[in-house]
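Asker:
There are 2 protein chains.
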Amino acid sequence: MATARAQHTAARRQEMLAAYYDVLVDEGLQGASLAKVARRLGVPPSLLIHYFGTKEQMTVELVDFLLDKYRRGYGDRLAAIDDPLERLTAVLDTLFDPEYHQLLDDSVFYACFYLSLRNPTVRAQFATLHYASLELLETTLRECMAAGHLPPDDVHELAQLIETLEEGYALVIGGVADGDDRQALGAMVKRRARGLLGL
Amino acid sequence: MATARAQHTAARRQEMLAAYYDVLVDEGLQGASLAKVARRLGVPPSLLIHYFGTKEQMTVELVDFLLDKYRRGYGDRLAAIDDPLERLTAVLDTLFDPEYHQLLDDSVFYACFYLSLRNPTVRAQFATLHYASLELLETTLRECMAAGHLPPDDVHELAQLIETLEEGYALVIGGVADGDDRQALGAMVKRRARGLLGL
DNA sequence: TCCCATAGACTGAATGTTCAGTCAAGGAAT
DNA sequence: ATTCCTTGACTGAACATTCAGTCTATGGGA
Numbered sequence: 001m002a003t004a005r006a007q008h009t010a011a012r013r014q015e016m017l018a019a020y021y022d023v024l025v026d027e028g029l030q031g032a033s034l035a036k037v038a039r040r041l042g043v044p045p046s047l048l049i050h051y052f053g054t055k056e057q058m059t060v061e062l063v064d065f066l067l068d069k070y071r072r073g074y075g076d077r078l079a080a081i082d083d084p085l086e087r088l089t090a091v092l093d094t095l096f097d098p099e100y101h102q103l104l105d106d107s108v109f110y111a112c113f114y115l116s117l118r119n120p121t122v123r124a125q126f127a128t129l130h131y132a133s134l135e136l137l138e139t140t141l142r143e144c145m146a147a148g149h150l151p152p153d154d155v156h157e158l159a160q161l162i163e164t165l166e167e168g169y170a171l172v173i174g175g176v177a178d179g180d181d182r183q184a185l186g187a188m189v190k191r192r193a194r195g196l197l198g199l
Numbered sequence: 200m201a202t203a204r205a206q207h208t209a210a211r212r213q214e215m216l217a218a219y220y221d222v223l224v225d226e227g228l229q230g231a232s233l234a235k236v237a238r239r240l241g242v243p244p245s246l247l248i249h250y251f252g253t254k255e256q257m258t259v260e261l262v263d264f265l266l267d268k269y270r271r272g273y274g275d276r277l278a279a280i281d282d283p284l285e286r287l288t289a290v291l292d293t294l295f296d297p298e299y300h301q302l303l304d305d306s307v308f309y310a311c312f313y314l315s316l317r318n319p320t321v322r323a324q325f326a327t328l329h330y331a332s333l334e335l336l337e338t339t340l341r342e343c344m345a346a347g348h349l350p351p352d353d354v355h356e357l358a359q360l361i362e363t364l365e366e367g368y369a370l371v372i373g374g375v376a377d378g379d380d381r382q383a384l385g386a387m388v389k390r391r392a393r394g395l396l397g398l
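Chains as they are written, first to last, in our numbering: chain U, 1 to 199; chain Z, 200 to 398.
(1) Are the Cβ atoms of residue 186(Z) and residue 308(Z) separated by less than 9 Å?
(2) By DSSP, does residue 352(Z) sit in helix, in strand, or in coil?
(3) Going along the chain, which residues of its own chain have a beta-carbon closer than 7 Å to the beta-carbon of residue 106(U), five neighbours each way excluded?
(4) One question on the structure: do residue 30(U) and residue 229(Z) come within less than 9 Å of each other, judged by their Cβ atoms?
(5) Check whether chain U comes within 9 Å of residue 315(Z), counting only Cβ atoms and requiring the distance to be less than that.
(6) For residue 92(U), collect the residues of the same chain with a Cβ closer than 7 Å to its Cβ; drop the 5 residues on either side in sequence, then sort them by chain order.
(7) Pull out every residue of the segment 77-111 of chain U whose Cβ sits closer than 7 Å to any Cβ of chain Z, in chain order.
(8) Going along the chain, which residues of its own chain have a beta-carbon closer than 6 Å to the beta-carbon of residue 348(Z), five neighbours each way excluded?
(9) Which chain Z residues are close to residue 164(U), counting only those with a beta carbon under 7 Å from its beta carbon?
(10) Considering residue 97(U), what are the terminal residues of the alpha helix (DSSP H) in which it resides?
(11) Starting from residue 31(U), trace the alpha helix (DSSP H) both ways and give me its first and last residue.
(12) Under 8 Å: do the segment 323-330 of chain Z and the segment 26-43 of chain U share three or more Cβ pairs, one atom per stretch?
(13) Does residue 157(U) get closer than 9 Å to chain Z when you measure Cβ to Cβ?
(14) In the structure shown, what three-state DSSP assignment does residue 89(U) receive?
(15) Looking at the unbroken alpha helix (DSSP H) that takes in residue 307(Z), where does it start and where does it end?
(16) What's the C-alpha gap between residue 332(Z) and residue 293(Z)?
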């Protein structure tokens, strides 16, 4: 059972991670300090240390916290769709929708990605999300082919290809395109991706 | 004319940027300080300030310095190929070759990309490279179509699509895949991209 | 049900270190 | 003679973390 104490602890940690996220948005990776997070919360910096031990540990937990948003917001919802073709359409609609990629602030997302390149724990967290997404795609494609909705092809390759397109799309809209361009690029890539699958 | 003094200055700046790059590899964005760069060079930190004014300015120049490696190493070499089909093949070989993406340390590249999301100047530098790459692709595709090497299609769309695939490939091999997987993924994506073009 | 020992939430001051940047002065190249 | 590279001492602010200690809710024993 979750005691009141444990609930309070969990809630407090979330508040702190949310504040860390806000500071990251405002100050960037280089300017984000425990002191600023603490100031935002109106607590002494030592309280953050009390909860997380070190800044590094707090950062690792932030990434987990943020990736959970993707998992809960999309992964679970998509996986729950029964009909394979319907699910495939929903997946493609999601992956190439600018809004999906704006669930997190661009700069924070790539800050986390950057951290994943330097910290093995964070890297593993990203890899898990990546493989989960890949597997959802692959399964969906396989079911669609079995049902005759798609021409037979190598599902693993196709899943990797779609995933690669999606990550590239995320990068391009983060770094270059803005506003309507994002929407248009997403629509184009999605259309081509569907063609690739034989839809 | 480049006086001896100016030459010396330029060379010195490059040394310093190279040292900054090294520190970034070893210490990451958060741990990279002017003091560490200076220590590596055996000079006082104030000398860096003398040359660059501020750390931010030095960072902006670092990005320029690094992106130049891509321009000089690949952009120019590819653009120099006369025969369109040969150039297209070379471009595709380059974009989906893990080695091209390891011209820079992964973490440093994405550190720079991250910085581009927060600094308008850096963002413009990245955008310039992106559009140059896009234009090389588009021109090449157009010439290939005109010569009948490719079936007619929307060259702008195709160029954007290939570019998106390339950036996604870069992200995936940076974050997840390792070793042989990178090679294999590159080969697969390239093959599919060629199919997409009608090659 | 009451009581008490304890675990953990929380504070605030203090630690030493590192930070980017300033400045005045020396010294070499032009 | 002048320009400017280079030095090293220096500043004040910010940094993550430590520590000693207060307060409070909680769970176990009577």
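Even for Gly, the Cβ is constructed at its ideal location relative to N, Cα and C.
Answerer: Well, looking at it:
(1) Nothing about residue 186(Z) can be read from this structure; chain Z reaches only from 200 to 398.
(2) coil
(3) 174
(4) yes
(5) yes
(6) 190, 193, 194
(7) 106, 107, 110, 111
(8) 284
(9) 364, 367, 368, 371, 388
(10) First-last for residue 97(U): undefined, no H or E at that position.
(11) 4-31
(12) no
(13) yes
(14) helix
(15) 305-317
(16) 12 Å
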